[in-house]
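Contents: one structure, followed by commentary.
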Amino acid sequence: MPSPTDEARRDEAGRTGTAARTGTAATTGTAGRTGGAPVPGAAPADRRERARRWRASWRRSETRAAYGFLSPWIFGFVVLTAGPMIATLYLSFTNYDGISEPRGVGMENYRQLFEDPSVAKSLMNTLVFTVLRVPLSMAVALALAMLLLRVGRATGFFRTLFYLPVMTPSVAVGILFLLLFNGNVGLINTVLGFVGIDGPSWTTDGDWIKPGLVLTTLWSVGSTVIIYLAALRNVPQELYEAAEIDGVGRRQAFVHVTLPQISGALFFTLIVNTIASLQTFTEAYTAFFGSANSQTYSNDAALFYVVHLFQQAFQYMHLGYASALAWLLFLVILAITLVQARLSKRFVYYEGEER
Amino acid sequence: MTQLTTPPGGAPASAPSAADASAEARTARPRRVRHPRETAGPVGRTLRLIALAAISVVFIYPFLWLVSASLKPSESVFDNVLIPHVFQWENYTGIWDEVPLLTWVGNSVVVTLAAAVTVTVSSAIVAFGFAYFRFPGRNALFGLVISTMMLPAVVLMIPQYLVWNWLHLASSQIPLWAPNLFGSAFYIFLLRQFFLGLPRDLFEAARIDGASYWGMFWRIALPLCKPALVVTFIFEVHASWTDLVRPLVYLRDPELYTVPRGLKAVLDQFGEGGEMRWEVVAAASVIVTVPMIIAFFLCQRHFVEGIATQGRKG
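Protein chains in written order, with full-length UniProt numbering: chain G, 1 to 355; chain P, 1 to 314.
Set out below in structure tokens:
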């Protein structure tokens, strides 16, 4: 959404001339563009003018009705999103414990972030997990989607099968991980044993916990498969015909036609999967933390960032410190999303777009 | 076998494809790039089907394993035999005595329904506000809605907990669904797209007939976007039924637990003292999972549609 405010300003400027009574939708689009050109850094007089227009528009029943329809979201945004954001920021500079009055501690919490070995450890665990999981799941999903393409009616059947694990609650996935990846008696190592591989102890060996979890979460790759399948089906046939005329082989057609054509879907799943992976909680928490398991597994290889945050906030009631942790995560996700969005400008191809 | 609807792209039916392909092969030029939409030749198709069948074992087997484990006696959970030698049904009956599982299922049903109903109605109201009306600030506000989708849920978890605590509702089930009263960004986006697709003349006509804005929404827009409402509803049912985080934060009293929270408690309980009764844990896992599987088979078309649309956003 490239600068929505800019658009809004155009929208507003457009409606002064037309003075639409009811929803004359078409007018805003065309008249808006020819009408007032957006002035960057509006002068005070201009601001007054806009405020006047806003009041005039508010008097019209349509605007009031519109804000009426929007009011649930606006209320929720203020009370459950914007307010909490500000509150978290404030709390992150205090030592709030949920009971006594919050007392300001300056940058203490943030200083602690950099000294706390658990933060470094959990951040590292989460990044390793994300870097392993995201590309792997995208590759597997794309391979499955390609495989599903040319099998006629069987597509629907297998698509259903592949989607089934997505329905499995994450708690159950965490438990399945413990059962199937059990080092001594688990199914995975038994199967590996058939081909002569001595499998690692996935659930207790710190080096193997994350790969094991990655493999487990790969199981629910089905929704990405469906997105890719839909994207692949939208690739225009003519492009392959053109490629064929140019004497392009299959592999090259994949690289030069298929991949660019589905880059929008690839990019979407990249962002969504990355954000989701950075917030991994339930599978790891189910398998390794809680009242009993935490003693069983002293290994902190499964200490993911959100798990650490959760423990700090709701087990130890370090709400101030946990707020600082939350803000750090927010900044990390924001940075990664922005970098990916910047990259997408270079790699993502949109039909009929000239930007 | 349950068949999904024929995809919008329209893969050709399988029956005539074999004949087509061989006819094609005779006339086709040598290095032909096949379009993915076409059905592969008979050999390619068979190979693909074999590969798919092999892969689908990986997707199905864990379910079978779980169900099988849930019926075995404790000592043979890991014997890797799919059909138990002894069917120990007590794993299922016993668990009802040891933990209030039935109460948990009831709690989950109540919370899930409340969450899905509220989010569907409220998101539809807000989405209609964005789709139909022209008003100052519309694009800025919609941009705000979209940007909240990027916000990690954990950032808001602590202060939201404090808000509920302040309202003395922090250890009730209300925080699990009440936020849905205010709509949810993703569903607002989804439903707005749908409302935008409705012909505007319809609403103009209703206005001339004297309908109020609310009447237009309730009597015209809502009935026409039933498919999108269904998608919203079932997506939220899934999200709410499987959620563990919010129950972990808010629910203290085991009587109020939802099934995932209860399952975690079962895991913790039997984990204590090193004696893990995996067969009971497996039985509880089956009980959480099965309702979702049934829901999926009832509405798989909507699930698939909803998921497939997501990619087009990018």
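Where is the CB? At the ideal position from N, CA and C, for every residue including glycine.
Legend entry - Chain-order list of residues whose beta-carbon lies under 6 angstroms from that of V221 (chain G) (same chain, five-residue window excluded): S137, V140 and A141, listed in sequence order.
Legend entry - Secondary structure of T337 (chain G), DSSP reduced to three states: Residue state, collapsed to three classes: helix.
Inset, instruction - Count the CB pairs spanning the region 280-289 of chain G and the region 206-224 of chain P that are closer than 8 angstroms, and state whether there are at least three. - result: These segments do not touch.
Legend entry - Extent of the continuous alpha helix (DSSP H) to which D207 (chain G) belongs: Start and end: G206 to L218.
Inset, instruction - Would you please verify whether the beta carbon of F233 (chain P) is less than 7 angstroms from any beta carbon of chain G? - result: F233 (chain P) does not count as touching chain G.
Legend entry - Straight-line Cα distance separating K264 (chain P) from W104 (chain P): If you draw a straight line from the Cα of W104 (chain P) to the Cα of K264 (chain P), it comes to about 12 angstroms.
Legend entry - Span separating the alpha-carbon of H318 (chain G) from that of S100 (chain G): When only Cα atoms are considered, H318 (chain G) and S100 (chain G) end up about 12 angstroms apart.
Legend entry - Rounded Cβ spacing between F162 (chain G) and F59 (chain P) (contact assumed at less than 8 angstroms): Yes, they are in contact, since the Cβ atoms of F162 (chain G) and F59 (chain P) sit about 6 angstroms apart, within 8 angstroms.
Legend entry - Cβ neighbours of A283 (chain P) in the same chain (closer than 6 angstroms, five flanking residues each side left out): Excluding sequence neighbours, A283 (chain P) sits near S70, N91, Y92 and I95.
Legend entry - Which of helix, strand or coil DSSP assigns to T94 (chain G): If DSSP states are grouped into helix, strand and coil, T94 (chain G) belongs with the strands.
Inset, instruction - Compare the C-beta of G76 (chain G) against all C-beta atoms of chain P and say whether one is closer than 7 angstroms. - result: Output row for G76 (chain G): interface = yes.
Inset, instruction - Return the residues of the region 199-214 of chain P that lie within a Cβ-Cβ distance of less than 9 angstroms from chain G, sorted by chain order. - result: Under the 9 angstroms Cβ criterion, the region 199-214 of chain P contributes R200, F203, E204, R207, S212, Y213 and W214.
Inset, instruction - Mind checking who G104 (chain G) pairs with in its DSSP beta bridge? - result: G:T94, per the DSSP bridge assignment.
Legend entry - Y349 (chain G) burial status per 10 Å Cβ neighbour count (16 or more: buried): Flag for Y349 (chain G) reads exposed.
Legend entry - Contact with chain P by I197 (chain G), beta-carbon distance below 7 angstroms: No, I197 (chain G) lies away from the interface with chain P (no Cβ there is under 7 angstroms from its Cβ).
Legend entry - Where E236 (chain P) falls, given that 16 or more other Cβ within 10 Å makes a residue buried: Label assigned to E236 (chain P): buried.
Inset, instruction - Could you check the C-alpha separation between V86 (chain P) and P73 (chain P) for me, to the nearest Å? - result: Roughly 7 angstroms separates the two Cα atoms.
Inset, instruction - Just the chain G side, please: which residues come within less than 7 angstroms of I307 (chain P) by C-beta, in chain order? - result: Listed along chain G are S223, I226 and I227, each with a C-beta nearer than 7 angstroms to that of I307 (chain P).
Legend entry - CA nearest to the CA of V155 (chain P), picked from G:V332, G:R346 and G:Q340: Closest by alpha carbon: G:V332.
Inset, instruction - Taking L144 (chain P) as the reference, give the member of G:R103, G:E49, G:L123 and G:W73 with the closest Cα. - result: Comparing alpha carbon positions, the residue from G:R103, G:E49, G:L123 and G:W73 closest to L144 (chain P) is G:W73.
Legend entry - Element boundaries [alpha helix (DSSP H), containing S172 (chain P)]: Premise fails: S172 (chain P) is in no alpha helix (DSSP H) and is neither H nor E.
Legend entry - Any 3 or more C-beta pairs closer than 8 angstroms across the region 196-204 of chain P and the region 236-253 of chain P: Taking 8 angstroms as the limit for Cβ pairs, the verdict is that the region 236-253 of chain P does not touch the region 196-204 of chain P.
Legend entry - Span separating the alpha-carbon of P247 (chain P) from that of P169 (chain G): Pairing P247 (chain P) with P169 (chain G), the inter-Cα distance amounts to about 14 angstroms.
Legend entry - Cβ neighbours of G196 (chain G) in the same chain (closer than 7 angstroms, five flanking residues each side left out): Within the same chain, and ignoring the five residues on either side of G196 (chain G) in sequence, no residue has its Cβ closer than 7 angstroms to its Cβ.
Legend entry - Cβ pair L176 (chain G), P291 (chain P) closer than 7 angstroms: Pairing L176 (chain G) with P291 (chain P) gives a Cβ-Cβ distance that is not under 7 angstroms.
Inset, instruction - Taking the CB atoms as reference points, tell me whether residue 356 (chain G) and K121 (chain G) lie closer together than 7 angstroms. - result: Coverage of chain G is limited to positions 1 through 355, which leaves residue 356 (chain G) absent and any answer about it impossible.
Inset, instruction - Just the chain P side, please: which residues come within less than 7 angstroms of S170 (chain G) by C-beta, in chain order? - result: In chain order, T242 and L244 make up the part of chain P whose C-beta sits under 7 angstroms from the C-beta of S170 (chain G).
Legend entry - Backbone CA spacing between L169 (chain P) and T118 (chain P) [nearest angstrom]: In a straight line, the C-alpha of L169 (chain P) is about 18 angstroms away from that of T118 (chain P).
Inset, instruction - Could you say if the region 99-113 of chain P and the region 251-263 of chain P meet the contact criterion of at least three C-beta pairs nearer than 8 angstroms? - result: Yes, the region 99-113 of chain P touches the region 251-263 of chain P.
Inset, instruction - Output yes if chain G places a C-beta closer than 7 angstroms to the C-beta of V57 (chain P); else output no. - result: By this cut-off, V57 (chain P) is not an interface position.
Legend entry - P211 (chain G) versus G:V173, G:R153 and G:T130, residue with shortest Cα-Cα distance: The shortest C-alpha separation from P211 (chain G) is found at G:T130.
Inset, instruction - Out of P:F128, P:A53 and P:P42, state which residue places its alpha-carbon closest to the alpha-carbon of G189 (chain P). - result: As written in the sequence, residue 189 (chain P) is Phe, which differs from the Gly given in the question. Of the listed residues, the one whose Cα sits closest to F189 (chain P) is P:F128.
Inset, instruction - Check whether the Cβ of S122 (chain P) lies closer than 7 angstroms to any Cβ atom in chain G. - result: For S122 (chain P), the closest Cβ of chain G is nearer than 7 angstroms.
Inset, instruction - Give the single residue among G:V339, G:V248, G:L239 and G:A326 whose Cα lies nearest to the Cα of A153 (chain P). - result: The option with the nearest alpha carbon to A153 (chain P) is G:A326.
Legend entry - Interface flag, A242 (chain G) vs chain P, CB-CB below 7 angstroms: So, not an interface residue.
Inset, instruction - Would you mind reading off the limits of the alpha helix (DSSP H) that contains V225 (chain G)? - result: Element bounds for V225 (chain G): G222 to R233.
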